[in-house]
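> Dropping a structure here in structure tokens format, bear with me for questions.
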Amino acid sequence: MPISQDRDILAGSPLIIQAATLVGALVGIALSTYLQLEPGKAMALAVTCLLLAWIAVDGMPAVRRAWSSQDRRHESAAACWRRIGTKLAGLAALLGAVVIACSVFPFFTQSSAVQWFIEAGHTTIPISIAVAGATILYVAVTDLVAEEPDDYLHQVGRAVLMQDFREEDVLFALRLLTIKCFFLVLMFSGGIAALSDLADKPAWVFPPLSAAWFEGLMRLAILLDVILAAGGYIATFKLFGWHVRATETTALGWLVCLVCYEPFFPAISHAFLPYGDGPGWQSVIREGSAVFILWSVATLSCTVIYVWATVAFGPRFSNLTHRGIITSGPYRFVKHPAYVSKNISWWLFAAPSFIASGFAEGLARAGMLAIVSLIYLMRARAEERMLSRDPAYRDYAETIAAHGLLAMAKRRLAPTAPRV
750 MPISQDRDIL
760 AGSPLIIQAA
770 TLVGALVGIA
780 LSTYLQLEPG
790 KAMALAVTCL
800 LLAWIAVDGM
810 PAVRRAWSSQ
820 DRRHESAAAC
830 WRRIGTKLAG
840 LAALLGAVVI
850 ACSVFPFFTQ
860 SSAVQWFIEA
870 GHTTIPISIA
880 VAGATILYVA
890 VTDLVAEEPD
900 DYLHQVGRAV
910 LMQDFREEDV
920 LFALRLLTIK
930 CFFLVLMFSG
940 GIAALSDLAD
950 KPAWVFPPLS
960 AAWFEGLMRL
970 AILLDVILAA
980 GGYIATFKLF
990 GWHVRATETT
1000 ALGWLVCLVC
1010 YEPFFPAISH
1020 AFLPYGDGPG
1030 WQSVIREGSA
1040 VFILWSVATL
1050 SCTVIYVWAT
1060 VAFGPRFSNL
1070 THRGIITSGP
1080 YRFVKHPAYV
1090 SKNISWWLFA
1100 APSFIASGFA
1110 EGLARAGMLA
1120 IVSLIYLMRA
1130 RAEERMLSRD
1140 PAYRDYAETI
1150 AAHGLLAMAK
1160 RRLAPTAPRV
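Following the numbering used here, the numbering of the sequence shown begins with 750 at its first residue and continues without gaps.
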């Protein structure tokens, strides 16, 4: 169907898209490892493979459907090209704001992602020119395919050219730009660090079921997650129906989200919530024991569920945005599988340290971790408030309340009436 800002939200990410998501990221990691690329290039290759997989299985079919069903708008070519030119002016202004931010704020200037982008841009000028040409072509094609081409990018361009514009669309563009810049830099930098760790300590060189082996698998899972997330922040393409429908607008929603990430969480954790400062798990659990294997498998399983939740989004993953209601994967069973599994894995990993710390200190540190879990609970509630403006999410929430894991557990545990 034609692409529009109020397009019906997808009911879930099809299985083939989830498979392509996983295969694309793993192929990128395998290729970068085989080619022995430095971490920046390896991350770029992995994300590129992921984007190509998404375009192949979800993007191009969407474009073909949109083009075949598009009712050609009755407007002159001159009007169409004027609008495209206005959009390019708006895009240039937004990119200029990105350059300024990346040149001023230490979070960006000190990040490995921005440093790599600057270095790569200087050494691969032909690629930069090709990317610029592809961007112009993308804007033009998207304008031709879109059912309603007067979008936020057009309104930003009108504002730049000092014409009448819709203020809400410009504010939406600025919020979206902030989200994409912050999280893309964060995830790309995390991917560079994770790929460097993987090159130094790959899981497959350690004895199976050893502590180093489990740690290596955890690093691989986290690497996969940040690659998927980085791809999601890039893939906000309206042409393929992956665009952002809405962003979080409340201060509380932004606060409880951003506080979970660098540079905010390390500072807060160090000053107020140092729950991880204590004896290691080795003081309670002996490596190689049955308890160690069970504990490690449980922690790793929670991490795998967390990554599975990211895979379920396909190209529509990002924080603080509404890009579609996902009901497949682990979202069939619970509304926030990523937050639930992540917090359970933290409690499992920290539990031996709490026990070894003694009752008073262990209880205090457990209370600190409980505050972290409370932040994630507030984050989940904020997301629900934003998404509940969509009837599709309200229907999904009702389905989970009636048929989700918690509902099934309640039915199982409910006492049965005695037979008379």
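Using N, Cα and C, we set each Cβ at its ideal position, and we do this for glycine too.
In this text, all values refer to a predicted model and were calculated from it rather than measured experimentally.
What do you reckon, is the C-beta of E917 under 7 Å from a heavy atom of the ligand PLP?
With respect to the ligand PLP, the structure offers nothing, as it holds no ligand at all.
> Counting only runs of 4+ residues fully inside the region 1026-1103, write out the alpha helix (DSSP H) ranges in chain order.
Here the runs fully enclosed are 1039-1062.
> Taking only the alpha-carbon atoms, compute the straight-line gap between R814 and P956 and give it to the nearest angstrom.
R814 and P956: Cα-Cα distance of roughly 50 Å.
> Please name the residue, chosen from F856, Y901 and I1124, that lies closest to C1009 on a Cα-to-Cα basis.
Nearest C-alpha to C1009: I1124.
> Could you pull the start and end residues of the alpha helix (DSSP H) that I1120 belongs to?
F1108 to L1136
> Taking the alpha-carbon positions, what's the W991 to R1065 distance?
6 Å
> Take T850 and list the residues in its own chain whose beta-carbon comes closer than 8 Å to its own, dropping the five residues that flank it on each side.
Per the sequence shown, the amino acid found at residue 850 is Ala instead of Thr. The answer, listed in chain order, is F857 and C930.
> Please name the residue or residues paired with T996 in a DSSP beta bridge.
Within the DSSP bridge table, the entry for T996 names T1070 as partners.
> Return the chain-ordered list of same chain residues with a C-beta closer than 7 Å to the C-beta of P763, the five sequence neighbours on each side being excluded.
none
> Helix, strand or coil for Y783 per DSSP?
helix
> In the structure shown, what three-state DSSP assignment does D757 receive?
At D757 the pLDDT is 36, less than 50, meaning the model places this residue with poor confidence; the figure from the coordinates comes in the next sentence. Coil.
> What did DSSP end up calling V847 once you bin it into helix, strand or coil?
Helix at V847.
> Can you say whether H1085 is buried or exposed, counting buried as having 16 or more other CB atoms within 10 angstroms of its CB?
So H1085 ends up on the buried side.
> Near G808, which residues of its chain fall below 6 Å by C-beta distance, leaving aside the five closest residues on each side in sequence?
F989
> Which residue comes first and which comes last in the alpha helix (DSSP H) that contains S861?
S861 to T872
> When you compare each of L1022, Y1080 and A1129 to G1111 by their alpha carbons, which one comes out closest?
L1022
> Please classify H871 as buried or exposed, where buried requires at least 16 neighbouring CB atoms within 10 angstroms.
exposed
> Using the rule of at least 16 other Cβ atoms within 10 Å of the residue's Cβ for burial, across every protein chain shown, is A1058 buried or exposed?
Burial is judged here by how many other beta carbons sit within 10 angstroms of a residue's own beta carbon; A1058 has at least 16 and is buried.
> Assign L910 to one of three DSSP states: helix, strand, or coil.
coil
> In this structure, does DSSP put K987 in helix, strand or coil?
helix
> Ignore the nearest five residues each way along the sequence and tell me which others in L1136's own chain have a CB closer than 8 Å to its CB.
H1071, I1074 and Y1142
> Report the rounded CA-to-CA distance for K950 versus E787, giving the unit in angstroms.
Approximately 15 Å between the Cα atoms of the pair.
> Can you find the residues in the same chain that come closer than 8 Å, C-beta to C-beta, to A922, ignoring five residues on each side of it along the sequence?
G839, L843, Y901, L902, Q904 and V905
> Just checking, does the region 1014-1029 make contact with the region 1095-1103 on the three C-beta pairs under 8 Å criterion?
yes
> Skipping 5 residues on each side, what residues in its chain have a beta carbon closer than 8 Å to that of F1014?
By the criterion of a C-beta distance shorter than 8 Å, F1014 is surrounded in its chain by V1008, once the five residues flanking it on both sides are discounted.
> So, for W1044: in the same chain, excluding its five sequence neighbours on each side, which residues have a beta-carbon less than 7 Å away from its beta-carbon?
I1034 and L1097
> Is P898 helix, strand or coil when you go by DSSP?
Annotated three-state conformation of P898 is coil, per DSSP.
> List the endpoints of the continuous alpha helix (DSSP H) containing L1154.
L1154 to L1162
> Are the beta-carbon atoms belonging to G1063 and W816 less than 8 Å from one another?
no
> Can you find the residues in the same chain that come closer than 7 Å, C-beta to C-beta, to S938, ignoring five residues on each side of it along the sequence?
Scanning its chain for C-beta atoms nearer than 7 Å, with the 5 sequence neighbours on each side dropped, one finds around S938 the residues S860, S861 and A862, in chain order.
> Can you confirm whether the region 957-976 touches the region 908-922 when touching is taken to mean that 3 or more C-beta pairs between the two stretches lie within less than 8 Å?
no
> Quick check on the burial criterion: 16 or more other C-beta atoms within 10 angstroms. Buried or exposed for K1091?
K1091 is buried by the Cβ-count criterion.
> Applying the 10 Å Cβ sphere with the 16-neighbour rule, what's the burial state of P810?
The residue in question, P810, is exposed, as its Cβ has fewer than 16 Cβ neighbours within 10 Å.
> Which whole-angstrom value describes the C-beta separation of G789 and A879, a residue pair presumed to lie in contact below a C-beta threshold of 8 Å?
Going by Cβ atoms, the distance from G789 to A879 rounds to 19 Å, so no, they are not a contact pair.
> Pick out the complete alpha helix (DSSP H) segments inside the region 912-978, 4 residues or longer, and give them in chain order.
916-949
> Here's the rule I'm using: 16 or more other beta-carbon atoms within 10 Å means buried, otherwise exposed. How should F932 be labelled?
Buried is the label assigned to F932, since at least 16 other Cβ atoms lie within 10 Å of its Cβ.
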